[in-house]
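So in our numbering, spot 9 of the sequence shown is number 33, and the numbers just go up one at a time.
Built from N, CA and C at the ideal position, the CB exists for glycine as well.
The structure displayed is predicted, hence computed values, not measured ones.
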Amino acid sequence: MTQPLPIESIRDVRAHLAEVVERADRDDVPTVITRRGKEVAAVVSIEVLRKYQEWEEHEINRIIDERMANSAPGIPIEDIMRETLARSE
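Here it is as structure tokens:
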């Protein structure tokens with residue numbers, strides 16, 4: 025069973041930022057940051073961020089390949105690229 029992620033308010037994170045960063049780096053455990061009870065950000069290790077970026081690039085390329093293989097008439101490549109890039113924002 026997966027452990028729940030630590031959740032801390034911005035105020036708490038400010039009070040002990042070094043500990044939050046150390047936990048992300050050492051234990052690879054992200055900390056979710058809240059503002060007025062709403063989740064707004066997370067502190068993750070650089071390794072986790074880079075893995076996500078690699079996954080995202082892979083997904084973009086997969087979508088492009090999928091669209092290129094479907095040569096349905098009337099869909100300009102520019103529209104396909106625009107849709108693909110919009111998904112990554």
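| Identify the residues that DSSP records as bridge partners of ILE57: which are they? | The residue labelled residue 57 in the question sits at position 33 within the sequence shown. According to DSSP, ILE57 bridges with GLU32 and ALA65.
| Close Cβ partners of ALA39 (< 7 Å) along its chain, the five nearest in sequence each way excluded | As a position in the sequence shown, residue 39 is number 15, starting the count at 1. Closer than 7 Å at the Cβ level, and outside the excluded window around ALA39, lies no residue.
| Would you call the region 78–89 and the region 100–109 touching, i.e. three or more CB-CB distances under 8 Å? | Under the 8 Å Cβ criterion, the region 78–89 counts as touching the region 100–109, having at least three qualifying pairs.
| Is it true that the CB of VAL56 sits closer than 8 Å to the CB of LEU73? | Locating residue 73 in the sequence shown gives position 49, where the first residue counts as 1. Locating residue 56 in the sequence shown gives position 32, where the first residue counts as 1. In this structure, VAL56 does not lie closer than 8 Å to LEU73 by Cβ.
| Buried/exposed call for LEU48, threshold 16 Cβ in 10 Å | In the sequence shown, residue 48 corresponds to position 24, counting from 1. It is Ala, not Leu, that sits at residue 48 in the sequence shown. Burial call: buried.
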